[in-house]
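Residue numbers (UniProt numbering): 1 to 407.
Even for Gly, the Cβ is constructed at its ideal location relative to N, Cα and C.
Each remark here refers to the structure printed beneath this line.
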Amino acid sequence: MSRFWQHIGRLGQGLGLALVLAIAAALPAGAQSTHTASDLTDRYYNTAADCGGPSRPAFLCSGVIFRGTRYSTAYHSWDPSPTSVRTGGVSFSYLRADARFENLAFNYHNGYTVYPIFGAPSWAMDFNFVCAFPLDGATDARTDQGCGRRTDDTTNRSAPCQSIGVLTAEQWLSTYQPHNSSTGFRACGFTVADHTNPPQGTAYAFQQVIRAMNQLGPVSLGQQNEMRAATWAQGIGDKLPIESFFYLANAGDQALLDARGDQADYYRTTGRFVPVIRMTLPTANKNATFHYVDADQAIKPAAAAACPQYIERGSWTTHPGSPHLSLSLVPTDCARNVAVSAAGAVFAEVQAKFGATPQWHNPAGMAAQLSCHIEIARHKAEWNLEPDRRADSPEQTRKEDCNPPFV
1 MSRFWQHIGR
11 LGQGLGLALV
21 LAIAAALPAG
31 AQSTHTASDL
41 TDRYYNTAAD
51 CGGPSRPAFL
61 CSGVIFRGTR
71 YSTAYHSWDP
81 SPTSVRTGGV
91 SFSYLRADAR
101 FENLAFNYHN
111 GYTVYPIFGA
121 PSWAMDFNFV
131 CAFPLDGATD
141 ARTDQGCGRR
151 TDDTTNRSAP
161 CQSIGVLTAE
171 QWLSTYQPHN
181 SSTGFRACGF
191 TVADHTNPPQ
201 GTAYAFQQVI
211 RAMNQLGPVS
221 LGQQNEMRAA
231 TWAQGIGDKL
241 PIESFFYLAN
251 AGDQALLDAR
261 GDQADYYRTT
271 GRFVPVIRMT
281 LPTANKNATF
291 HYVDADQAIK
301 PAAAAACPQY
311 IERGSWTTHP
321 GSPHLSLSLV
331 PTDCARNVAV
341 SAAGAVFAEV
351 QAKFGATPQW
361 HNPAGMAAQL
371 SCHIEIARHK
381 AEWNLEPDRR
391 ADSPEQTRKE
401 DCNPPFV
C-alpha cells in the first residue's frame, strides 16, 4: 500500500488555477511517488493463491489490476463509458508474474491501476469485482454485467462457469479447446463476487483463471485476460481507488502525453495527486516492470512540507445567530508563518484530520478560505472554514475577506 494517500479533497471548478498550482507545488507526495512503483512491483511478484481464506481471492491483495483507457478532453477516463453504463460492468485486466500477457485490449497504450481492496487508502471505495475470464471475454455482448452468457448464445455454453459445471482450469480448457485468441469470446467466466458462494470458494475460482492462463501458453501470452467490476456512478473520481496513471514504455511519445493528460485532469478535478508510472508488459522470457520517473510527471509536488504540524487543534461548531457549521482551527505558530504557496500542504493536514467527519463537504470552498486566511488573516486566533459558503476563486475570496456568500 502506498505510504502517502491523504491529500486535499475535491477542489472543483471554482478553485483558481493559481491555487491549484500552488497546492501541486506543496503537496507532500514524494513518498507516494517513490513507493507506488515498488508497491506495483511487489504485488506483481506476489503469486499468493488467496488472501487469507477460501472467500478471499488473490486479487484482493496481489497482482496489478488495471484498465486501459484513452485520454480525451471530452470526458474523464475514470468515469464509466456509455457501454459500461449500458451493460452494468467495467472491464479490467489482471497482471501477475504467473498471469502474463504482452498486449492490451484495443491497442490501448495507457490507463490506470487501482489499489487492491486489502491495503487501499481509507478514502477509497471498493470496486465490486464480479467475474474473471482467462482470455478476453467479449463482455460487452454478455448479460449480467458482462459475466453471463452471450446474447447470441442459444446453448448456454457461455454462461458463468460454475453454473454449467466448469469448476477447474482443466474443465475450462477441455470444454472450449482454445487454440486462438477468439476462443474466450464464447467461453465461460468464473464468478468471483464476494456475495456469491461458488463451489470451493471465490479464491479457488479465481485461481482457476490463473491456472488456465498458464496452461494456455502462447495463446494467453498474446491476449489480455478480463475482469469485470460493477459499474460505479459518474462524477465520483475523488472516491475511486486509482493508484497510478500508467503508460506503456514502448508505445511512443503519445502514450506518455496521454498519461500526463489524465494525471493533470484528475488533479484538476479531484485535487488528488496520482503519479504517472512507466509500465513495461512482460514477455515469455521477461517480467513486467514499473518505474516512477520524475520527468514523466505533469504535476510535480514537493517531497516535503514546511512544518511538522500545521493544525494544533480544531472542532466543528456554530456561531451565535448563525445556523451554518464552521470548522474552527487553531493553527500552530509555524503555520502562521508559512508562505501562501504552502496552502496545499496545510489543507492536506486539515483534510486528513477532519475529512472523514460527516460535516465535511465543499472542500473547494474551504480550500479557498484557508488560502485566504494564510494570506490576509494568518494571525487571527482561530481560522474558521465554513463549507456552506460559495466556492469562489482565491482572488474573489480575498475581496470578500475570506467570507464568500452562503449558498
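Cα separation between residue i and residue j?
{"i": "serine 84", "j": "valine 192", "result": "19 Å"}
{"i": "glycine 63", "j": "tyrosine 44", "result": "5 Å"}
{"i": "proline 387", "j": "asparagine 103", "result": "46 Å"}
{"i": "proline 116", "j": "proline 198", "result": "22 Å"}
{"i": "phenylalanine 190", "j": "valine 90", "result": "16 Å"}
{"i": "valine 274", "j": "aspartate 194", "result": "28 Å"}
{"i": "glutamine 224", "j": "glycine 237", "result": "25 Å"}
{"i": "aspartate 140", "j": "leucine 370", "result": "46 Å"}
{"i": "alanine 203", "j": "glutamine 171", "result": "17 Å"}
{"i": "arginine 157", "j": "alanine 105", "result": "24 Å"}
{"i": "glycine 271", "j": "alanine 169", "result": "44 Å"}
{"i": "tyrosine 247", "j": "alanine 255", "result": "5 Å"}
{"i": "alanine 29", "j": "arginine 150", "result": "Because the pLDDT at alanine 29 is just 47, under 50, the model does not fix this residue reliably, and the point stays unresolved."}
{"i": "lysine 399", "j": "glycine 111", "result": "41 Å"}
{"i": "alanine 99", "j": "asparagine 128", "result": "21 Å"}
{"i": "tyrosine 108", "j": "threonine 280", "result": "13 Å"}
{"i": "glycine 52", "j": "tyrosine 94", "result": "19 Å"}
{"i": "asparagine 208", "j": "threonine 36", "result": "The question names asparagine, but residue 208 is glutamine in the sequence shown. Each residue's alpha carbon lies about 28 Å from the other."}
{"i": "valine 219", "j": "glycine 365", "result": "53 Å"}
{"i": "serine 326", "j": "arginine 278", "result": "43 Å"}
{"i": "glutamine 200", "j": "aspartate 79", "result": "34 Å"}
{"i": "residue 436", "j": "glutamine 351", "result": "With the chain represented from 1 up to 407, any question about residue 436 goes unanswered, as that position is not in the structure."}
{"i": "residue 409", "j": "phenylalanine 59", "result": "Outside the modelled stretch of the chain, which goes from 1 to 407, sits residue 409, for which no answer is possible."}
{"i": "proline 331", "j": "threonine 357", "result": "19 Å"}
Tell me the DSSP secondary structure of residue i in three-state form.
{"i": "isoleucine 236", "result": "coil"}
{"i": "tyrosine 310", "result": "coil"}
{"i": "asparagine 225", "result": "coil"}
{"i": "asparagine 337", "result": "helix"}
{"i": "aspartate 50", "result": "strand"}
{"i": "lysine 125", "result": "The question names lysine, but residue 125 in the sequence shown is methionine. Coil."}
{"i": "histidine 35", "result": "helix"}
{"i": "histidine 373", "result": "helix"}
{"i": "proline 394", "result": "helix"}
{"i": "isoleucine 299", "result": "coil"}
{"i": "serine 322", "result": "coil"}
{"i": "tryptophan 78", "result": "coil"}
{"i": "residue 424", "result": "In the structure displayed, the chain extends from 1 to 407; residue 424 sits before or after that span and is not available."}
{"i": "glutamate 400", "result": "coil"}
{"i": "alanine 158", "result": "Contrary to the premise, residue 158 reads as serine rather than alanine in this sequence. Reduced to three states, the DSSP call for serine 158 is coil."}
{"i": "proline 218", "result": "helix"}
{"i": "phenylalanine 59", "result": "helix"}
{"i": "phenylalanine 406", "result": "strand"}
{"i": "glycine 137", "result": "coil"}
{"i": "glycine 355", "result": "coil"}
{"i": "tryptophan 360", "result": "coil"}
{"i": "valine 166", "result": "coil"}
{"i": "threonine 196", "result": "coil"}
Any idea if residue i is buried or exposed, counting beta-carbon neighbours within 10 angstroms, 16 or more meaning buried?
{"i": "glycine 165", "result": "exposed"}
{"i": "threonine 69", "result": "buried"}
{"i": "alanine 381", "result": "exposed"}
{"i": "aspartate 50", "result": "buried"}
{"i": "arginine 67", "result": "buried"}
{"i": "asparagine 362", "result": "buried"}
{"i": "histidine 379", "result": "exposed"}
{"i": "glutamine 297", "result": "buried"}
{"i": "histidine 76", "result": "buried"}
{"i": "histidine 319", "result": "exposed"}
Identify the residues that DSSP records as bridge partners of residue i: which are they?
{"i": "isoleucine 65", "result": "Tyr94 and Val114"}
{"i": "proline 331", "result": "Ile311"}
{"i": "leucine 385", "result": "Leu327"}
{"i": "methionine 366", "result": "Bridge partners of methionine 366: none, in fact."}
{"i": "serine 72", "result": "Answer is none; serine 72 lacks a bridge partner."}
{"i": "cysteine 131", "result": "Thr191 and Arg228"}
{"i": "glycine 252", "result": "In DSSP, glycine 252 forms no bridge with anything."}
{"i": "threonine 151", "result": "BP columns for threonine 151 are empty, so no partner."}
{"i": "histidine 291", "result": "Arg278"}
{"i": "threonine 317", "result": "Ser326"}
{"i": "isoleucine 242", "result": "Val114"}
{"i": "tyrosine 247", "result": "Asn110 and Arg278"}
{"i": "alanine 99", "result": "Arg96"}
{"i": "glycine 89", "result": "Ala230"}
Does residue i get closer than 9 Å to chain D when you measure Cβ to Cβ?
{"i": "alanine 212", "result": "In the structure shown, chain D does not exist; there is a single protein chain."}
What distance in whole Å lies between the Cβ atoms of residue j and residue i, which are believed to be in contact at a cut-off of 8 Å?
{"i": "threonine 41", "j": "phenylalanine 290", "result": "5 Å"}
{"i": "glutamine 215", "j": "leucine 167", "result": "About 15 Å separates the two Cβ atoms, so there is no contact after all."}
{"i": "arginine 228", "j": "cysteine 131", "result": "5 Å"}
{"i": "glycine 344", "j": "leucine 329", "result": "Not really, about 16 Å apart at Cβ, beyond 8 Å."}
{"i": "alanine 335", "j": "cysteine 307", "result": "6 Å"}
Going by the C-beta, is residue i closer than 8 Å to any heavy atom of the ligand NAD?
{"i": "leucine 370", "result": "This structure does not include the ligand NAD; it has no bound ligands of any sort."}
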